[in-house]
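For the sequence shown, the tail end lands on 445 under numbering that gives the first Met the number 0, and the numbers increase by one without skipping.
Right, one structure below, let's go through it.
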Amino acid sequence: MFFAYTGKQSVIRFFITCFVFFCAFTVLAANKIEQARFSDSSDTARIVFELKQAPTFSYFSLKNPDRLVVDIKGVPKAYNFNDLNLTGNKVNRIRHSTPKSKGDTRIVIETSKKLNPRIYLLEPGDGNSHRMVVELVDPNPPPAFTINNSGPNRDKNIIVVIDAGHGGADPGSIGPTGTYEKNITLSIAKMLAKLVDEEPGMRAVLTRKGDYYISPNDRPKVAAKEKADLLVSIHADAFTTPQPKGGSVWVLSKGRADSELGRLLEQTERSSQLLGAAADVIDDRDTERYFAETIFNMSMDLSRALSYELSNEVIKEMKSITKMHKRTPQSASLAVLTAPETPSILVEVGFISNPQEEKNLNWALHRQRLAAAMFTSIKRYFQKTPPDGTLWAQWKSKAPISHTVANGESLSLLAQRYGVSVREIKVQNNLNSDLVRIGQVLNIPR
0 MFFAYTGKQS
10 VIRFFITCFV
20 FFCAFTVLAA
30 NKIEQARFSD
40 SSDTARIVFE
50 LKQAPTFSYF
60 SLKNPDRLVV
70 DIKGVPKAYN
80 FNDLNLTGNK
90 VNRIRHSTPK
100 SKGDTRIVIE
110 TSKKLNPRIY
120 LLEPGDGNSH
130 RMVVELVDPN
140 PPPAFTINNS
150 GPNRDKNIIV
160 VIDAGHGGAD
170 PGSIGPTGTY
180 EKNITLSIAK
190 MLAKLVDEEP
200 GMRAVLTRKG
210 DYYISPNDRP
220 KVAAKEKADL
230 LVSIHADAFT
240 TPQPKGGSVW
250 VLSKGRADSE
260 LGRLLEQTER
270 SSQLLGAAAD
280 VIDDRDTERY
290 FAETIFNMSM
300 DLSRALSYEL
310 SNEVIKEMKS
320 ITKMHKRTPQ
330 SASLAVLTAP
340 ETPSILVEVG
350 FISNPQEEKN
360 LNWALHRQRL
370 AAAMFTSIKR
380 YFQKTPPDGT
390 LWAQWKSKAP
400 ISHTVANGES
410 LSLLAQRYGV
420 SVREIKVQNN
430 LNSDLVRIGQ
440 VLNIPR
């Protein structure tokens, strides 16, 4: 561009023109993709882009191979799509390509077959940014409903995800003699995992098996991926003075649970995924959100209740091994406990900042006892409430019912109540007569 201005007035015009161009460029360059999310339901793949400002965009489809090209004006090519977890079988890859103009972004979405694109913008609200939603709809989706006569589609084992806190460049708390929390937690996690794997009908999954770092936000994702029945995160506490000592057990706070609920509901694609086939017959997005909110609320409330119940069991066992700093379950906003459909607890095994407890935690036998206490409480918890579809649930359904004889009860009365014969009760309990005493515990066959 050439400016032919002369004189003082022309110089002023020149600077004004430059200033206008600078402001225009600044406004254009200010917009950017801040975050991207992906999900895949039965008939639709969704990509949600969060931007600082409402974008101007255009798009077109190409064949051989099938792909959708999206051009966003005034947005630099800076966002890395490699971190997106591309689930399902519709989208193979999301990448950048050369844009039409410098300072723009061209996004190429490679698909496994021809999908019908639908792109729309969502205004910011409830603390959200501007959102551009790209939906790729399968014109020939697989059947929404299937009949399964084999029972719940899940692993027959009870799956326990065991999370060793910290790791890698994050050592966690450091004891007076230089003990790293990350090493203590990994040792106890491996001991607990061994006990779980040795128990028939149970399987352990470690979030980390060595000395490397995992983000707190990524740890609950392991539980979701494994469809875990429980997540146990192991840590060691610390304080600025050496006096505090003892263990504690933590669950997710109600405030953080509500926050996670809001975040999950904001992702309309997550709502559809949760509702599954039901989402296909709901035309109204508000109705879909209402149903999703109801299910999420029930799921998270149940997970928190189960987490609290298990926490009490863990405290009962741990107090025979170590002093408990907190004798009741505590709640906090902890990222590692945010798996919405998995009961999750965080166990502080002691204060590594306390010289005596640091010494205890460096003692292998003490760590083994802590792991055994956690395992005993976990086992007792699942014996009472085994997840549906597991071997433990099958065993419980076949196991005898324990009954304590009360005043006025007889074998004939119990046989009538439980729908079995007097003889079956006598055989089950090795009884030689029909007489029973108050307080006697009988096993009633099912």
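Here a beta-carbon is modelled for each residue, glycine too, at the ideal position from N, C-alpha and C.
| Query | Result |
| --- | --- |
| Bridge-paired residues (DSSP) for Q34 | E49 |
| N431 burial status per 10 Å Cβ neighbour count (16 or more: buried) | exposed |
| Whole-Å CB distance - V346 paired with V313, under 8 Å assumed | 6 Å |
| Same chain, Cβ closer than 6 Å to T372, neighbours up to 5 away in sequence not counted | Checking the displayed sequence, the identity of residue 372 turns out to be Ala instead of Thr. Only E316, M317, I320 meet the Cβ criterion. |
| Counterpart residues of P116 in DSSP-defined beta bridges | L135 |
| Coarse secondary structure for S310, derived from DSSP in three states | helix |
| Residues sharing a beta bridge with Y72, DSSP | Checking the displayed sequence, the identity of residue 72 turns out to be Lys instead of Tyr. According to DSSP, which records beta bridges pairwise, K72 is partnered with T55. |
| Beta-carbon proximity of K226 to D154, cut-off 8 Å | yes |
| CB contact flag (L120, T43, <8 Å) | no |
| Three-way DSSP call (helix, strand, coil) for R366 in this model | helix |
| Reduced DSSP secondary structure (H/G/I, E/B, other) of R379 | helix |
| Supposed close pair P219, A331 - CB separation, criterion 8 Å | Wrong, their Cβ atoms sit about 15 Å apart, outside the cutoff. |
| Simplified DSSP state of A331, which is helix, strand or coil | strand |
| Cβ pair count under 8 Å reaching 3, the region 31–38 against the region 80–94 | yes |
| Member of E356, S376, I400, A370 whose CA lies at the smallest distance from the CA of E308 | S376 |
| Check: D433 C-beta below 7 Å from any heavy atom of the ligand PLP | Absence of the ligand PLP is noted for the structure shown, with no ligands found whatsoever. |
| Residue of G438, G164, S41 minimising C-alpha distance to N139 | S41 |
| Range covered by the beta strand (DSSP E) that runs through M201 | 201–205 |
| 8 Å contact criterion, which L205 and T341 should meet: CB distance rounded | Rounded, the Cβ-Cβ distance is 15 Å, inconsistent with contact. |
| Residues that R105 bridges to, as DSSP identifies them | D70, S96 |
| Run of the alpha helix (DSSP H) containing T403, from where it starts to where it stops | Segment 400–403 is the beta strand (DSSP E) holding T403; no alpha helix (DSSP H) there. |
| Per-residue DSSP class, three states only, for V435 | coil |
| Integer-rounded CB distance, given that N428 should sit under 8 Å from L441 | 5 Å |
| L434 and I424 closer than 8 Å at C-beta | no |
| Per DSSP, the bridge partner or partners of W394 | Paired residue(s): none; W394 is not in a bridge. |
| Given T176 as reference, the closest of K51, K397, N353 once Cα atoms are compared | N353 |
| Continuous beta strand (DSSP E) stretch holding I173: start and end | Premise fails: I173 is in no beta strand (DSSP E) and is neither H nor E. |
| Reduced DSSP category for F350 - H, G, I as helix; E, B as strand; rest coil | strand |
| Per DSSP, cross-strand counterpart(s) of L360 | Paired residues: none, contrary to the question. |
| Proximity winner among F350, P328, F238, relative to K244 (alpha-carbon distances) | F350 |
| Identity of the residues DSSP links to V160 by a beta bridge | V204, L230 |
| Candidates K193, I437, S128, S343, of which the one nearest D300 by Cα | S343 |
| Beta-ladder partner(s) of T321, from DSSP | Answer by DSSP bridge pairing: none, since T321 is not bridged. |
| Buried or exposed (CB count within 10 angstroms, at least 16 for buried), G481 | Here the chain comprises residues numbered 0 to 445, so residue 481 is not present and cannot be evaluated. |
| Distance CB(S128)-CB(K51) smaller than 8 Å | yes |
| Residue from I71, V107, R130, S214 with nearest C-alpha to K101 | I71 |
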